[in-house]
Amino acid sequence: MNGSQETANAITNDAAPALRVAPAPHVYDTRLTTRRMMLDVLLALAPVVGMSLYNFGWRAVLVMAVTTASCLVVEEAGALLQRRPSSLGDLSAAVTGLILGLSLPASCPWWVAMIAGVVAIGIGKLAFGGLGQNLFNPAMVGRAFAMISFSKFLGAPAYRIAEVGGIVSQATPLTLARDAAAEIPALWPMFLGTVNGSIGETSVLACLLGGLYLCARRTASWEIPSGVLGTLALLAGLTRLLVTDASIAAVPALRLSVLEHLTSGALVFGAFFIATDPVTNPISRKGMLVFGAGVGFFVWLLRSFSGYPEGVMFAVLLMNALAPLINRWTVPTPVGGPVPERR
Amino acid sequence: MAETAVIAGFQGTFPHGIHPDDRKSLAANTPIEVLPAPKTVLLPVLQHLGAPSNALTRPNQEVVIGEQVASAVGFISAGVHASVNGIARRPVHVTLPNGRRVPAIPITAGAEQHSAEQIHADFIGGEWPTVDMPAFAAQEIVDAVLGGGIVGLGGAAFPTHVKLTRQPNKTIDAVLVNGCECEPYLTSDYRLMIEAPRAIVAGGLLAAKAVDARFVVIAVEDNKPKAIAALREACAGTNVVVKALRTKYPMGGEKQTVRAVLGRTVPTLGLPLDVGVVVVNVGTAHAVARIVLRGKPLTHRVISVTGHGVKTPRNLIVPIGSSYRSLLDFCGGLRPEAARVLSGGPMMGFTVADHDTPVTKGTSGVTVLTRRDVSHSAETACLRCGRCAHVCPLNLVPTRIAMAARKGNWDVARRYHIQACMECGCCTYACPASIPLVQLIRVGKARLPQQGSGSGKQ
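So the sequences go chain by chain: A and B. Residues in the first sequence are numbered consecutively from 0, following numbering that gives the first Met the number 0. Residues in the second sequence are numbered consecutively from 0, following numbering that gives the first Met the number 0.
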């Protein structure tokens, strides 16, 4: 339609520019688009992916490739079935796929990774209505499904691949923490990431590099990682102050120090890359802080008392469910107060 | 005094807001010139907020520049004055860029017009008394402003005599002269601050006299150091203070200016009056000085014609009622890449669909944007990233209000305070998903059913 209008103009008067009308505002911040936000996440994941290759080699590549490919295929299939234009270009499915891959163990069979990817996009996202509509973080929906359905391949024992040797043959730090007789690895290797764990979670350094980039770009809101890490540090610190030898004997994970909590497991990865998914967390800054604090609290609770060594995934999913409620509780008051009744 | 004066509550900024590229360098260094009187001017009887004025001229009546051609009807209204010498014709109807369709008086310009030098000298030049101001009674000032048809020249065009009239149960202690000019591109206020700073100071003092305010502050964004320096020099010997505010859109919104300068919060749906402040734009202050000190009604105003879509950006003294076309032609016409002609700036300006419509008292600029300027990515679903809420100067949640308005979900729209929105456009500017948030909210505000009448009356 515009094309024909332009042609008509060209015929009547070559020099006349085609002028349009539109309501204000007439300019936009083009530095930040949906696609650019997703691209930012992919860029920020580069150090994490690099570290995963160093630790797990081709096994990591395989898992990430399978999850990403299955997410992209399901996203495209959804677009075809729903007769809407392809949405691969917004890169959101690629982000889901990569984050899902990074959250799995390197030993994960390709077909489990594939099913996790299908569930992530198919049930986690498309079933809710696509981008922006989903209640739960799609990558975590996929991971939770795989973990519950195929616990053999995602449980603590799956992380040890004896035949490979090196770090991959050791138990993960949080699994060790549950065994009163075992030593928790030193902080420095846990910070650098030369310990066992899910593909992308081991290196706090790599996650921090990418995460701080995301916060600096404002693609991720600093309130969320601050809430997660701050709350967990606070709870872990309080635990250390109050805990007795008897309670450690009963619940060995209570002996984790603040820094051990902060450097182990998927915490930093989750705080910067999973909990910050804008679709599934609250809108206002206050809401984001509450959300982050809730994730931190549930991570501490699940790590300390649940049947699983790590709790980031369930903590994020639980808080995702609460996000709409947090939004209701944190409707900001307008500057100048609420709209007066009747005026 | 001006540099060091301490103002209780001064903050220098307000929370949230955006930093668009200001593009002011296009016209910032071009001195104000006079647009020669066009062949005809078209004077709408409604160029202000309030009741339309009443046309006074008979068809084919001869009028001279400055003669009143329409008179105010009621308190919140403003008269209109001939901006050229010539012959008034039978009123016609015209649709203004803001969508209002109103009667307008055409005036065919005669051969005898004031020269450009004369208009320039009368508008900008000569002496503007500041220290040695003659003593005026408050009522004298208000009467002169009413008689001169002065309205707010910052864009909203609220009749100025209403602001300057003392209210029985409200005390005013401060007059803020607003020189923020936070809209990108526009430079008319900037040029006026540089070229006629003493007139602005005089206007501020007169406004303060009218409302019996204790002090006058001229607020300017800190990206205009030359204007700040010129105003500070002009303030010498008076108790007028110039304050630099942080450059940010919408700093020039009066609620934001009041907050930044005085730390006071104007209540939702209220006016600066409610917190003891009268805010006038620098152009308005100049117009007040001009009618009170020189007896000249509002016949001309400064308009910047700017943007990458116009050949030669300029700042012009324009007879009110001149067509957009006459301004654009004087500036060399449009470039081939021009895509949108705006009345005002790009954040809140209206698109001009018909270039033969007249500029009015509230036209602060004509901005011509190119295809590149207005292009943006296609709309995607809301990511709930919250960026709109994080930039909203009124601390609203635009995405919630906009989505509720789109679906006609009025309860939700009210719960998120839809009526409080001032439509500054920060949310749409910032939205990564390119959702037309403020546009949806604007329509929602218009469609919002009266409270209590239910939402069935659609």
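Glycine included, each C-beta is placed from N, C-alpha and C at the ideal position.
*Taking the C-alpha atoms as reference points, what is the distance between B:G78 and B:V62?*
Answer to the nearest angstrom: the Cα atoms are 15 Å apart.
*Short CB-CB distance (under 8 Å) between A:Y27 and chain B*: Interface flag for A:Y27 against chain B is set, since a Cβ pair is found closer than 8 Å.
*Answer yes or no: does any C-beta atom of chain A fall closer than 8 Å to that of B:Q462?*
Since the first and last residues shown for chain B are 0 and 457, residue 462 of chain B lies out of range.
*At what residues does the beta strand (DSSP E) containing A:T332 begin and finish?*
Taken as a continuous stretch (DSSP letters only), A:T332 belongs to no beta strand (DSSP E), as it is neither H nor E.
*For B:R258, is the classification buried or exposed, using 16 other Cβ atoms within 10 angstroms of its Cβ as the cut-off for buried?*
Buried, by the Cβ-count rule.
*May I have the straight-line CA-CA distance separating B:G294 from A:R35, to the nearest angstrom?*
Going from the Cα of B:G294 to the Cα of A:R35 covers about 57 Å.
*A:T332 versus A:R284 - alpha carbon distance*: Looking at the two C-alpha atoms, the distance is approximately 13 Å.
*asked:* Can you tell me which residues form a DSSP beta bridge with B:I343?
replied: Looking at the sequence provided, one finds Gly at residue 343 of chain B rather than Ile. Per DSSP, the beta bridge partners of B:G343 are B:V365.
*asked:* What does DSSP give as the partner residue(s) for B:Y248 in the beta ladder?
replied: B:Y248 is bridged to B:I17.
*Run the proximity test for A:G49: is its beta-carbon closer than 7 Å to any non-hydrogen atom belonging to the ligand SAH?*
Annotation note on the ligand SAH: not contained in the displayed structure, which lists no ligands.
_Close Cβ partners of B:G8 (< 7 Å) along its chain, the five nearest in sequence each way excluded_ = Only L261, G262 and R263 meet the Cβ criterion.
*Please name the residues in the segment 357 to 378 of chain B whose beta-carbon is closer than 7 Å to at least one beta-carbon of chain A, in chain order.*
Within the segment 357 to 378 of chain B, the qualifying residues are L368, D372, V373, H375 and S376.
*Give the residues from the segment 242 to 266 of chain B that approach chain A closer than 8 Å (Cβ to any Cβ), ordered along the chain.*
For the segment 242 to 266 of chain B, the set of positions with a beta-carbon nearer than 8 Å to some beta-carbon of chain A reads K254, R258, T264, V265 and P266 in chain order.
*asked:* Quick check on B:G11 - is its C-beta less than 8 Å from some C-beta in chain A?
replied: For B:G11, the answer is no, since every Cβ of chain A falls outside 8 Å of its Cβ.
*Whole-angstrom Cβ separation of A:M189 and A:T262, contact assumed at under 8 Å?*
About 4 Å; that satisfies the 8 Å criterion.
*Using the Cα positions of B:S76 and B:H18, report the straight-line distance between them to the nearest angstrom.*
Near 35 Å, if we compare the C-alpha coordinates of B:H18 and B:S76.
*Measure the beta-carbon distance from B:G308 to B:R334 and round it to whole angstroms, keeping in mind my assumption that it falls under 8 Å.*
By a beta-carbon distance limit of 8 Å, B:G308 contacts B:R334. Their separation comes to about 5 Å.
*Residues that B:L268 contacts on chain A, provided the C-beta gap is smaller than 9 Å*: Neighbours of B:L268 across chain A, judged by C-beta separation under 9 Å: G335, V338, P339 and R342.
*C-alpha distance - B:H92 paired with B:I86, whole-angstrom precision*: Distance between the alpha carbons of B:H92 and B:I86 is about 18 Å.
*B:A36: buried (16+ other C-beta within 10 angstroms of its C-beta) or exposed?*
Counting of Cβ neighbours within 10 angstroms places B:A36 among the buried residues, the total reaching 16 or more.
_B:A136 burial status per 10 Å Cβ neighbour count (16 or more: buried)_ = Burial is judged here by how many other beta carbons sit within 10 angstroms of a residue's own beta carbon; B:A136 has fewer than 16 and is exposed.
_Using 8 Å for Cβ pairs, my map puts B:Q67 next to B:H80. What's the rounded Cβ distance?_
Yes, they are in contact, since the Cβ atoms of B:Q67 and B:H80 sit about 5 Å apart, within 8 Å.
*Could you give the residue range of the beta strand (DSSP E) that holds B:N280?*
Segment V276 to N280, the beta strand (DSSP E) holding B:N280.
_Quick check on the burial criterion: 16 or more other C-beta atoms within 10 angstroms. Buried or exposed for A:W57?_
Its Cβ having fewer than 16 others within 10 Å, A:W57 is exposed.
*Would you mind stating whether A:T67 and A:G121 have Cβ atoms separated by less than 8 Å?*
No.
*Whose C-alpha, out of A:P251, A:A215, A:A232 and A:R142, is nearest the C-alpha of A:L173?*
For A:L173, the nearest C-alpha among the options comes from A:P251.
_Tell me the DSSP secondary structure of A:P172 in three-state form._
Helix.
*In chain A, what lies closer than 8 Å to B:R441 by C-beta?*
The contact set of B:R441 on chain A, defined by CB atoms closer than 8 Å, consists of P22 in chain order.
_Start and end residues, alpha helix (DSSP H) containing A:F190_ = In this chain, the alpha helix (DSSP H) harbouring A:F190 covers L186 to L191.
*Which one or two residues does DSSP pair with B:A50 in a beta bridge?*
BP columns for B:A50 point to B:S76.
*asked:* Need the endpoints of the beta strand (DSSP E) that B:R313 sits in, please.
replied: It spans R313 to P318 - the beta strand (DSSP E) in which B:R313 sits, taken as one unbroken run.
_Please confirm whether A:P323 has its beta-carbon closer than 8 Å to some beta-carbon of chain B._
For A:P323, no Cβ of chain B is located within less than 8 Å of the residue's own Cβ.
_With H, G and I counted as helix, E and B as strand and the rest as coil, what does DSSP make of B:H307?_
In the structure shown, B:H307 falls within a coil segment according to DSSP collapsed to helix, strand and coil.
*List the residues of chain A whose Cβ lies closer than 7 Å to the Cβ of B:M464, in chain order.*
Examination of residue 464 of chain B is not possible in this model, given that chain B is present from 0 through 457 alone.
*B:S454 versus B:C425 - alpha carbon distance*: Because the pLDDT of B:S454 is 45, which lies under 50, any placement of that residue in the model is unreliable, and the question is left without a value.
*Please go through the same chain and pick out, in chain order, the residues whose beta-carbon is closer than 6 Å to the beta-carbon of B:R441, but skip the five residues on each side of it.*
Excluding the 5 residues flanking it on each side, B:R441 has same chain C-beta neighbours closer than 6 Å at E422, in chain order.
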